[in-house]
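Inspection log for the structure reproduced underneath, given as structure tokens.
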Amino acid sequence: MQTYIADSIDVAVIGAGHAGIEAALASARLGAKTVCFTINLDWVGNMPCNPSIGGTAKGHLVREIDALGGEMGKAADANTLQSRMLNRGKGPAVHSLRAQIDRRDYSAYMKHTMEKQKNLLVRQAEIIALEKTENGYELTTSLGAVFKAKSVVLATGTFLKGKIFVGEVNYDGGPDGTFAATTLSESLLKLGLPLRRFKTGTPARVLRSSINFEKLEKQEGDEKVIPFSFETETPPENTVCCHISYTNDATKEVILKNLHRSPLYGGVIEGVGPRYCPSLEDKIVRFADKKRHQLFIEPCGKNTEEMYLQGMSSSLPEEVQIQFYRTIEGLENVEIMRPAYAIEYDCIDPIALFPTLEVKGNAGLFGAGQFNGSSGYEEAAAQGLVAGVNAAKFAKGEQLFHLTRSGSYIGTLIDDLVTKGCADPYRMMTSRSEYRLILRQNNADERLTPIGYEIGLISEERYNKFKTTLEIKEKEIERLENTFASPSKEINEMLKEKGTVPLSTGIRFADLIRRPQLSIADLLPFDSEHPDLSEELLDKIETEIKYSGYIKRQMATVKEMHRMESTKLDVDTPYNEISGLRLEAREKLSKIKPLNIGQAMGISGVSPADISVLIIWLQRKGN
Amino acid sequence: MQTDTIAAISTPLGEGGVSTVRISGDNAFQIAKKVFKPQSNKDLEKMKGYTAAFGKVYDGDELLDDAVALVFRNPKSYTGEDTVEISVHGGTHLIRRVLRAVTSAGARLAEGGEFTKRAFLNGKMSLTEAESVMNLISAKNDRALNIATKNKEGALSKKIKAMTDKLLFLVSQISVFSDFPEDETLCISEDDFLTSLKEILIGLNTLISDYDKGKLIIEGINTVIVGSPNAGKSTLMNLLSKTKRSIVTSIAGTTRDVVEQTAKVGDYILLLADTAGIHQTDDEVEQIGIEQALNRLDTADLCLAVFDTSVPPTEDDKALINRIKNKPTLLVLNKNDLLSSGGEYYEALDIPFVKISALTGEGEEKLVDEISKLLKLNELDPNAEMLINERQYQTVQRAVASVTEAISALEGGITLDAVGILIDDGLAALLELDGKRITTEVADEVFRNFCVGK
Chain Z
148 MQTYIADSID
158 VAVIGAGHAG
168 IEAALASARL
178 GAKTVCFTIN
188 LDWVGNMPCN
198 PSIGGTAKGH
208 LVREIDALGG
218 EMGKAADANT
228 LQSRMLNRGK
238 GPAVHSLRAQ
248 IDRRDYSAYM
258 KHTMEKQKNL
268 LVRQAEIIAL
278 EKTENGYELT
288 TSLGAVFKAK
298 SVVLATGTFL
308 KGKIFVGEVN
318 YDGGPDGTFA
328 ATTLSESLLK
338 LGLPLRRFKT
348 GTPARVLRSS
358 INFEKLEKQE
368 GDEKVIPFSF
378 ETETPPENTV
388 CCHISYTNDA
398 TKEVILKNLH
408 RSPLYGGVIE
418 GVGPRYCPSL
428 EDKIVRFADK
438 KRHQLFIEPC
448 GKNTEEMYLQ
458 GMSSSLPEEV
468 QIQFYRTIEG
478 LENVEIMRPA
488 YAIEYDCIDP
498 IALFPTLEVK
508 GNAGLFGAGQ
518 FNGSSGYEEA
528 AAQGLVAGVN
538 AAKFAKGEQL
548 FHLTRSGSYI
558 GTLIDDLVTK
568 GCADPYRMMT
578 SRSEYRLILR
588 QNNADERLTP
598 IGYEIGLISE
608 ERYNKFKTTL
618 EIKEKEIERL
628 ENTFASPSKE
638 INEMLKEKGT
648 VPLSTGIRFA
658 DLIRRPQLSI
668 ADLLPFDSEH
678 PDLSEELLDK
688 IETEIKYSGY
698 IKRQMATVKE
708 MHRMESTKLD
718 VDTPYNEISG
728 LRLEAREKLS
738 KIKPLNIGQA
748 MGISGVSPAD
758 ISVLIIWLQR
768 KGN
Chain A
3 MQTDTIAAIS
13 TPLGEGGVST
23 VRISGDNAFQ
33 IAKKVFKPQS
43 NKDLEKMKGY
53 TAAFGKVYDG
63 DELLDDAVAL
73 VFRNPKSYTG
83 EDTVEISVHG
93 GTHLIRRVLR
103 AVTSAGARLA
113 EGGEFTKRAF
123 LNGKMSLTEA
133 ESVMNLISAK
143 NDRALNIATK
153 NKEGALSKKI
163 KAMTDKLLFL
173 VSQISVFSDF
183 PEDETLCISE
193 DDFLTSLKEI
203 LIGLNTLISD
213 YDKGKLIIEG
223 INTVIVGSPN
233 AGKSTLMNLL
243 SKTKRSIVTS
253 IAGTTRDVVE
263 QTAKVGDYIL
273 LLADTAGIHQ
283 TDDEVEQIGI
293 EQALNRLDTA
303 DLCLAVFDTS
313 VPPTEDDKAL
323 INRIKNKPTL
333 LVLNKNDLLS
343 SGGEYYEALD
353 IPFVKISALT
363 GEGEEKLVDE
373 ISKLLKLNEL
383 DPNAEMLINE
393 RQYQTVQRAV
403 ASVTEAISAL
413 EGGITLDAVG
423 ILIDDGLAAL
433 LELDGKRITT
443 EVADEVFRNF
453 CVGK
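These protein sequences, in sequence, are chains Z and A. Numbering of the first sequence is given in my numbering, commencing with residue 148 and proceeding in unit increments. Numbering of the second sequence is given in my numbering, commencing with residue 3 and proceeding in unit increments.
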């Protein structure tokens with residue numbers, strides 16, 4: 148094939164899924180000349196799986212992306228069909244926002260946002276080769292265009308050697324009828340990247356009018372919707388309703404009878420699937436004693452009758468799918484529009500990455516999203532943002548940045564990936580963070596907006612607004628700590644009704660808020676001086692007062708972790724020469740090359756004793 | 003960078019059959035080869051672990067002695083490093099010469115406890131095991147030795163691990179709650195949570211109360227002997243310590259300042275303080291002595307109050323009883339050899355007492371029994387695992403505080419995500435206790451007092 152030099156740019160992003168979008172936008176917004184390549188321009192920001200964004204722990208990621216200046220939260224707010232704050236009443240650490248999204252509108256919004264972005268070109272092209280040169284990288288498209296880039300972000304999602312499985316049928320392909328990128332992997336292997344196969348899957352889309360909703364449990368959105376973005380002023384409204392149904396013995400029977408026809412159990416799929424998002428056949432085999440499994444029926448958009456069956460992904464043959472879906476209550480006559488399928492793809496072992504998401508041994512090459520072994524739109528977008536910022540920084544010759552585990556779920560996600568690695572597609576979970584009560588979704592701005600401002604993704608205007616709100620919050624907390632509620636018939640009636648002790652003398656409002664039975668809203672009628680604050684701010688204030696003792700305790704742990712994280716380790720620390728380190732620790736440390744003691748502590752196979760040896764070694768070296 | 007190679011004499015100094023210098027570190031073999039020449043053509047560096055060579059030790063060209071060199075290979079040695087032990091004939095001077103030869107050959111003198119510190123750092127033993135090595139070496143009596151040995155074998159580690167595991171289970175339940183908060187069937191119930199926490203608290207509290215008793219056994223019982231002048235305090239002291247350090251005369255007020263003595267009484271170590279007889283006096287010197295005696299009374303673990311039963315109780319005696327009746331006191335009714343009657347007043351006081359003759363020693367065994375009962379040392383299971391130092395004690399106290407708070411938070415209706423923080427804190431304390439979670443401060447603190455050579 149004859150090639151031609153197309154352009155010389157700062158940053159090339161391969162892929163325009165959720166990771167690629169954030170990477171390209173962040174890079175361009177930081178002033179780097181950026182080109183984002185996609186195999187099909189009509190599928191920018193596609194949601195090939197759930198038509199939803201957020202959920203437990205994932206909602207935290209979206210808030211954090213927004214706090215850093217990313218796009219996902221705003222796009223979600225602009226295209227929300229229904230929104231719910233999950234786990235209300237279960238403690239502030241687990242509150243999480245989840246929204247149903249119009250997937251075609253979301254895609255159009257993202258495409259248009261990228262098109263309008265200065266310094267950014269979205270280009271339909273398949274990259275077939277990536278080569279390292281003296282000044283960076285050369286990317287070749289399937290039509291022979293050669294782009295020279297200082298840095299590159301790999302955000303290939305499930306496209307890299309993508310292979311679709313439906314029962315006994317399988318073929319090369321990307322999600323939703325796109326074609327796969329079949330040749331790029333060779334270049335990556337040549338660059339020394341450790342590639343492997345992962346697998347994921349999606350349920351069928353079915354026709355709305357073939358569902359009998361009368362039999363089904365309804366799930367409505369929240370009365371008062373809280374937006375994802377700290378910048379969204381008018382919250383979106385709920386326009387749709389979701390429904391719940393359950394599998395039964397008949398479903399189980401169909402699946403067990405046809406298990407041998409699943410490529411997963413027949414051994415045709417070699418890739419490892421996500422543990423926390425299993426296919427229905429997986430669930431039925433692994434949780435054999437469970438009588439039924441829940442499913443959610445979710446609309447895919449305003450202008451479509453396609454409905455998504457959340458929790459029902461499968462790689463069984465099409466006719467088996469029809470059979471088992473029709474065993475489910477409400478779906479007796481269901482018509483499939485697109486069948487469920489599994490997809491297998493190439494990705495990197497993330498241990499090969501630094502916390503900056505740069506590939507070890509390939510300066511200027513970054514990975515993000517499913518390519519790094521994660522699963523989920525939100526996980527992808529979070530990494531895309533970090534990779535995009537660093538790709539731009541690299542192109543400009545600036546120092547790369549990374550987020551800490553004690554400061555964000557994004558930092559935790561990336562630290563888990565690059566330090567512990569992952570045996571199956573990594574999904575963000577609340578339990579992955581040791582600092583849950585501090586890493587709340589309602590304070591993502593306080594944790595990350597100053598960092599976003601420093602990076603250059605948060606405008607002066609937004610930053611000032613953020614600081615003003617912060618001041619208002621602190622002033623109000625101080626006021627509540629110093630203002631007394633006096634006993635009255637009304638307040639005591641309310642207190643008795645809530646099941647808590649009535650007042651005999653004056654008591655600080657803050658102390659009343661600390662009672663588990665009371666909320667800040669219960670007290671507003673008795674607090675004549677209270678300023679008029681937004682519900683979000685009140686929620687923040689209530690959490691901080693109610694849990695102040697616990698937050699303080701966790702802050703002490705965070706500080707300790709910060710100390711460990713600020714004890715830097717050289718990338719070329721000679722671990723093999725440090726005696727006292729056990730053999731396994733030497734090997735792991737040499738491979739992972741942690742940037743600091745905090746990261747080293749998270750490596751499995753590195754014991755506290757090894758950490759002591761390292762600390763002592765550093766001290767001696769310092770002396 | 004390599005760890006330097008350390009050396010020290012690892013047998014007691016003095017005349018003995020054999021004395022040993024231990025060399026440990028990356029260069030142990032090279033250094034040993036410079037001072038030890040095997041009789042056969044064996045090369046120390048090529049010898050297998052756990053094998054020995056016979057030969058001669060030199061300091062430069064000067065022959066010091068015949069010797070046996072024992073080779074240990076990393077990681078199968080006490081420290082986990084390459085180690086050579088050179089044994090020569092016993093004798094303080096000789097072994098010091100050998101050590102000097104070894105240090106001239108490139109080894110550094112080991113700091114106190116450094117071998118054990120390395121053993122811990124190399125993962126050869128847990129922190130509590132390492133700490134018990136120190137206690138083992140300095141054990142003053144059989145009971146203390148017993149406790150140290152048990153801990154060295156990991157009994158305390160096992161007990162801590164059992165509690166750590168229980169807390170870890172609760173932490174895992176909180177993880178389940180955090181990940182799937184809407185599915186209440188996945189996590190154990192709050193009642194089960196509370197039950198578990200309460201069980202853990204009981205275990206921790208047992209460790210705390212045993213510690214106070216164990217401390218008396220390991221470190222000795224701070225004992226003050228009080229009584230009226232010439233009641234026989236010094237005679238008792240001399241009887242218990244089997245010396246004649248306190249001057250005994252029939253002149254009351256002979257002991258004017260505090261005389262101290264360590265005595266092994268039965269299984270226990272008594273850190274005895276003989277004091278001036280407490281009574282009304284105008285003698286200025288004696289008065290100072292009496293004040294000292296009263297001060298001692300406040301800080302003592304045990305008060306032995308000696309009374310002369312051959313004479314009726316005086317006003318001074320009665321005043322003293324008032325002073326001591328609320329302290330851990332044992333009335334020692336003395337001079338039973340002279341007259342067996344006269345003790346009735348004391349026996350009726352509802353304070354534990356024992357009748358002895360300090361002069362003849364009659365009743366001493368009974369005294370030991372009564373001390374044991376009074377301090378509840380008899381309730382201590384001699385085979386139980388035990389905390390052995392203040393660091394361990396403070397750490398368990400922290401765990402107790404966290405678990406106690408977690409229980410009251412849960413009972414008060416606080417959500418599991420917040421309660422989890424308290425449980426995390428308790429878990430962190432227990433992990434720190436056994437060195438599973440380490441800070442440099444802890445390591446330095448623990449190893450500062452270790453003796454050289456172990």
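C-beta: ideal position from N, C-alpha, C; glycine also.
For a test of the three-state rule: what should DSSP assign to ASN743 of chain Z, helix, strand or coil?
strand
Any 3 or more C-beta pairs closer than 8 Å across the segment 303-320 of chain A and the segment 232-241 of chain A
yes
Tell me whether the beta-carbon of GLN41 of chain A lies closer than 9 Å to the beta-carbon of GLY62 of chain A.
no
So ILE490 of chain Z packs on THR303 of chain Z, CB below 8 Å; how close in whole Å?
Actually they do not touch by this definition, with Cβ atoms about 13 Å apart.
Contact between the segment 574-587 of chain Z and the segment 189-199 of chain Z is defined here as three or more beta-carbon pairs at a separation below 8 Å; is this criterion met?
no
In the DSSP assignment, find the beta strand (DSSP E) that holds GLY415 of chain A and state where it starts and stops.
First-last for GLY415 of chain A: undefined, no H or E at that position.
Check each residue of the segment 228-254 of chain Z: if its Cβ is closer than 8 Å to any Cβ of chain A, include it; give the result in chain order.
LEU233, ASN234, LYS237, GLY238, PRO239, ALA240 and VAL241
How long is the line joining the alpha carbons of THR442 of chain A and ALA756 of chain Z, rounded to whole angstroms?
Per-residue confidence for THR442 of chain A stands at a pLDDT of 47, beneath the threshold of 50, marking its modelled position as unreliable; no derived number is given.
Are ILE227 of chain A and ASP419 of chain A closer than 9 Å when you measure CB to CB?
no
Count the other CB atoms within 10 Å of the CB of LEU336 of chain Z; is the residue buried (16 or more) or exposed (fewer)?
exposed
Output the residue ranges of the alpha helix (DSSP H) runs that lie fully inside the segment 379-416 of chain Z and measure 4 residues or longer, sorted by chain position.
396-404 and 410-413
Please list the partners that ASP419 of chain A has in chain Z, where partner means a Cβ-to-Cβ separation under 8 Å.
LYS237, GLY238, PRO239, ALA240, VAL241, ARG583 and LEU584
Measure how close the beta-carbons of ARG422 of chain Z and ASP252 of chain Z come, nearest whole angstrom, since I'm counting them as under 8 Å.
At roughly 32 Å, the Cβ-Cβ gap does not stay under 8 Å, so ARG422 of chain Z and ASP252 of chain Z are not in contact.
Distance, ILE358 of chain Z Cα to THR288 of chain Z Cα
45 Å
Neighbourhood of TRP537 of chain Z by C-beta distance below 7 Å, restricted to the same chain and skipping five residues each side:
Sequence check: residue 537 of chain Z is Asn here, not Trp. Taken in chain order, the residues that qualify are THR503, LEU504, GLU505, PHE513, LEU547 and PHE548.
On the CB-based measure, 16 or more other CB atoms within 10 Å of its CB, does GLN441 of chain Z come out buried or exposed?
exposed
Along chain A, in chain order, which residues have C-beta atoms closer than 9 Å to that of LEU722 of chain Z?
According to the sequence displayed, residue 722 of chain Z carries Tyr and not Leu. Near TYR722 of chain Z there are no residues of chain A at all, since even the closest Cβ is about 11 Å away, more than 9 Å.
How would you list, in chain order, the residues of chain Z whose beta-carbon sits under 8 Å from the beta-carbon of GLU192 of chain A?
Neighbours of GLU192 of chain A on chain Z: none; closest Cβ ~13 Å, over 8 Å.
Excluding the 5 residues flanking GLN4 of chain A on each side, which residues of the same chain have their C-beta closer than 7 Å to its C-beta?
Note that GLN4 of chain A scores a pLDDT of 48, beneath 50, so its modelled location is shaky; the value from the coordinates is reported in the next line. Counting only Cβ-Cβ distances below 7 Å, and skipping sequence neighbours, we find ASP28.
Assuming GLY428 of chain A and ALA401 of chain A make a contact with CB atoms under 8 Å, what is their CB distance in whole Å?
5 Å
For GLU640 of chain Z and LYS693 of chain Z, the rounded distance between their alpha carbons
22 Å
Are the beta-carbon atoms of ILE373 of chain Z and LEU403 of chain Z separated by less than 9 Å?
no
Are the C-beta of SER810 of chain Z and some C-beta of chain A separated by less than 9 Å?
Summary: the structure shown does not reach residue 810 of chain Z, with chain Z confined to residues 148 through 770, and so no result is reported for it.
Report yes if the CB atom of GLY535 of chain Z is closer than 9 Å to the CB atom of ALA173 of chain Z, and no otherwise.
yes
Along the chain, where does the alpha helix (DSSP H) containing GLY696 of chain Z start, and where does it finish?
695-712
Quick one: is ALA397 of chain Z buried, meaning 16 or more other Cβ sit within 10 Å of its Cβ, or exposed?
exposed
Are the beta-carbon atoms of LEU411 of chain Z and PHE471 of chain Z separated by less than 9 Å?
no
Please report whether the beta-carbon of PHE179 of chain A lies at a distance below 9 Å from any beta-carbon of chain Z.
yes
Between the Cα of SER460 of chain Z and the Cα atoms of Z:PHE184, Z:SER751, Z:LEU244 and Z:THR394, which residue gives the shortest distance?
Z:THR394
Tell me where the beta strand (DSSP E) around TYR771 of chain Z begins and ends.
Outside the shown range of chain Z, which is 148 to 770, sits residue 771 of chain Z, and nothing can be said about it.
Using beta carbons (cut-off 9 Å, strictly below), is GLN664 of chain Z in contact with chain A?
yes
With H, G and I counted as helix, E and B as strand and the rest as coil, what does DSSP make of ASN639 of chain Z?
helix
Would you please verify whether the beta carbon of PHE182 of chain A is less than 9 Å from any beta carbon of chain Z?
yes
Counting only beta-carbon atoms, is ASN124 of chain A nearer than 9 Å to chain Z?
yes
As assigned by DSSP and simplified to three states, the class of GLU273 of chain Z
coil
Mind listing the chain Z neighbours of ILE416 of chain A? Cutoff is C-beta to C-beta under 7 Å, in chain order.
PRO663
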